[in-house]
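Keeping their order, the protein sequence lines are chains A and B.
The numbering used here numbers the first residue of the first sequence as 1 and each following residue consecutively.
The numbering used here numbers the first residue of the second sequence as 1001 and each following residue consecutively.
Cβ coordinates follow ideal geometry from the N, Cα and C atoms, glycine included.
Quick caveat: nothing in here was measured; it's all calculated off a predicted structure.
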Amino acid sequence: MYEQIAFYLFSVLIIGLFLVTVLTKNVLYSMTSLAAGMVLIAGIFFTLGADFLGVVQLIVYVGAIMALYAFAMMFFDVTKDVKENNTNGSLIFLLGGLTALMFVIIMSAPIMSENIQALYPPMAGVTNPQAVGMVLFTKYLVPFEVAAVMLLVAMIAGIILAGKKMDQSLTTEDDVIVEIDILEEDEK
Amino acid sequence: MIELNDYLILSGLLFTIGLVGVLRRKNLLMLFFATEVMLNAANIAFAATSHYYNDLSGQMFAFFIIAVAASEVAVGLGLLIVLYKRHGTLDLDNLASMKG
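As structure tokens, this is what we get:
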């Protein structure tokens, strides 16, 4: 009963918020509705019993990724609306729907044939974070380490790309100019 | 009672929304947002399958998707900042500087 109420409430709100994300012209509206939709997706994870995944969704997606977008927006001019010359709207909706339908059929084909067997069923008497830790650090240890290396590479790439010419500070340049002006006035 | 198919339908709808956004958007930042929508739709499908089949592998793959999304955003936003410094705009049509 409560699961049904939660599912329908969350799904309607998520679909509405993500539609706002995709269709609005304002970058700030888009980012805010995306963050709100991700919080509600964490709610869906909690109703599914994936506690640790919901917490990770809240911390990483809503906390880190949206904060990263917010910081990056300081570089861009976001106060005015985005101007886009869209040619054929209805054709894009039709193509997007058809492609997504094709993806759904492809992805659901193994489910329809009932070939799925549970490889790592959750152990009895263990909470979800504990079970996740047991599976993650035994069966999925190598992908975990590879993901750690990937995050390190991404961090270095982000620092190098965004931090070019960071050694030239704008404020110290202003100070130098002011000092030069003072010196010139002194000479006069 | 909520079945697996309900969650998969929700995931498919969200994926469609993200795909329409990817096809429709011309601003690169908005394109990133639409990609995030698609990644989240995949995460919902993984978590729902993991719950209804009593298998933790789905949640594992959702974790790795989140890690991939985080690194994608870090690198992509760095590239966007460099692009904005060079061109002064984030429009996709201005990127086609090599067309004949």
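Can you give me the Cβ contacts of residue i inside the same chain, cut-off strictly under 8 Å, excluding the 5 residues immediately before and after it?
i                             : result
leucine 170 of chain A        : Model confidence at leucine 170 of chain A stands at a pLDDT of 46, short of 50, so the residue's coordinates are unreliable; what they give is reported in the following sentence. So the list is empty, once near-sequence residues are dropped.
phenylalanine 1046 of chain B : Gly1058, Gln1059, Phe1061, Ala1062, Ile1065
leucine 1090 of chain B       : Asn1027, Leu1028, Leu1029, Leu1080, Leu1083, Tyr1084
valine 20 of chain A          : Tyr29, Ser30, Ser33
serine 1050 of chain B        : Leu1056, Ser1057, Gly1058, Gln1059, Ala1062
alanine 148 of chain A        : none
phenylalanine 144 of chain A  : Leu136, Phe137
asparagine 1094 of chain B    : His1087
glycine 190 of chain A        : The displayed coordinates of chain A run from 1 to 188. Any statement about residue 190 of chain A would go beyond what the structure contains.
Over what stretch of residues does the alpha helix (DSSP H) that includes residue i continue unbroken?
i                          : result
glutamine 4 of chain A     : 2-23
asparagine 1040 of chain B : 1028-1052
aspartate 81 of chain A    : Premise fails: aspartate 81 of chain A is in no alpha helix (DSSP H) and is neither H nor E.
threonine 1016 of chain B  : 1004-1024
threonine 47 of chain A    : 27-47
isoleucine 65 of chain A   : Careful: isoleucine 65 of chain A lies outside any alpha helix (DSSP H) and carries neither H nor E.
aspartate 51 of chain A    : 51-56
proline 257 of chain A     : Residue 257 of chain A lies beyond the residue range present for chain A, which begins at 1 and ends at 188; the question has no answer from this structure.
serine 1097 of chain B     : Counting along the chain, serine 1097 of chain B falls outside any alpha helix (DSSP H), and DSSP gives it neither H nor E.
Suppose you measure from the CA of residue i to the CA of residue j; what does that come to, to the nearest Å?
i                             : j                          : result
glutamine 1059 of chain B     : tyrosine 1052 of chain B   : 12 Å
glycine 63 of chain A         : serine 1011 of chain B     : 22 Å
asparagine 26 of chain A      : aspartate 51 of chain A    : 33 Å
phenylalanine 76 of chain A   : serine 108 of chain A      : 40 Å
methionine 1030 of chain B    : threonine 24 of chain A    : 9 Å
methionine 66 of chain A      : alanine 1069 of chain B    : 11 Å
glycine 163 of chain A        : leucine 151 of chain A     : 18 Å
methionine 1098 of chain B    : glycine 1076 of chain B    : 21 Å
methionine 1 of chain A       : lysine 83 of chain A       : 45 Å
alanine 35 of chain A         : asparagine 1043 of chain B : 15 Å
alanine 6 of chain A          : leucine 1004 of chain B    : 15 Å
glutamate 185 of chain A      : isoleucine 160 of chain A  : 41 Å
arginine 1025 of chain B      : leucine 101 of chain A     : 20 Å
tyrosine 140 of chain A       : glycine 133 of chain A     : 10 Å
glycine 158 of chain A        : leucine 68 of chain A      : 11 Å
tyrosine 1007 of chain B      : asparagine 88 of chain A   : 31 Å
phenylalanine 1032 of chain B : leucine 1023 of chain B    : 12 Å
valine 146 of chain A         : isoleucine 182 of chain A  : 56 Å
isoleucine 156 of chain A     : valine 142 of chain A      : 21 Å
valine 126 of chain A         : alanine 1067 of chain B    : 25 Å
glutamate 187 of chain A      : alanine 1096 of chain B    : 54 Å
serine 90 of chain A          : isoleucine 106 of chain A  : 24 Å
Spatial neighbours of residue i within its chain, please: C-beta separation below 7 Å, excluding the five flanking residues on both sides.
i                       : result
alanine 1074 of chain B : none
valine 78 of chain A    : Val27, Leu28
With a Cβ-Cβ cutoff of 7 Å, do residue i and residue j count as a contact?
i                           : j                        : result
tyrosine 61 of chain A      : methionine 38 of chain A : yes
alanine 1041 of chain B     : leucine 1014 of chain B  : yes
isoleucine 1009 of chain B  : glutamine 4 of chain A   : no
threonine 99 of chain A     : leucine 1092 of chain B  : no
isoleucine 1017 of chain B  : valine 104 of chain A    : no
phenylalanine 18 of chain A : leucine 40 of chain A    : no
leucine 154 of chain A      : serine 1071 of chain B   : Residue identity differs from the one stated: residue 154 of chain A is alanine in this sequence, not leucine. Yes, Cβ-Cβ distance for alanine 154 of chain A and serine 1071 of chain B is below 7 Å.
Looking only at its chain, what residues have a beta carbon closer than 6 Å to the beta carbon of residue i, apart from the 5 residues adjacent to it on each side?
i                           : result
glycine 1021 of chain B     : Ala1034
aspartate 81 of chain A     : Lys25, Asn26
asparagine 128 of chain A   : Asp51, Phe52
phenylalanine 46 of chain A : Gly54
isoleucine 44 of chain A    : Phe10
Quiz item: Is it true that the stretch 1080-1088 of chain B meets the stretch 1034-1044 of chain B, where meeting means three or more beta-carbon pairs spaced less than 8 Å apart?
Solution: Not touching, per the Cβ criterion.
Practice problem: Could you say if the stretch 8-19 of chain A and the stretch 58-74 of chain A meet the contact criterion of at least three C-beta pairs nearer than 8 Å? | Solution: No: the two stretches stay apart, fewer than three of their Cβ pairs being nearer than 8 Å.
Quiz item: Is there contact between the stretch 85-99 of chain A and the stretch 51-65 of chain A, where contact requires at least three CB pairs shorter than 8 Å?
Solution: The stretch 85-99 of chain A makes no contact with the stretch 51-65 of chain A; the number of CB pairs closer than 8 Å stays below 3.
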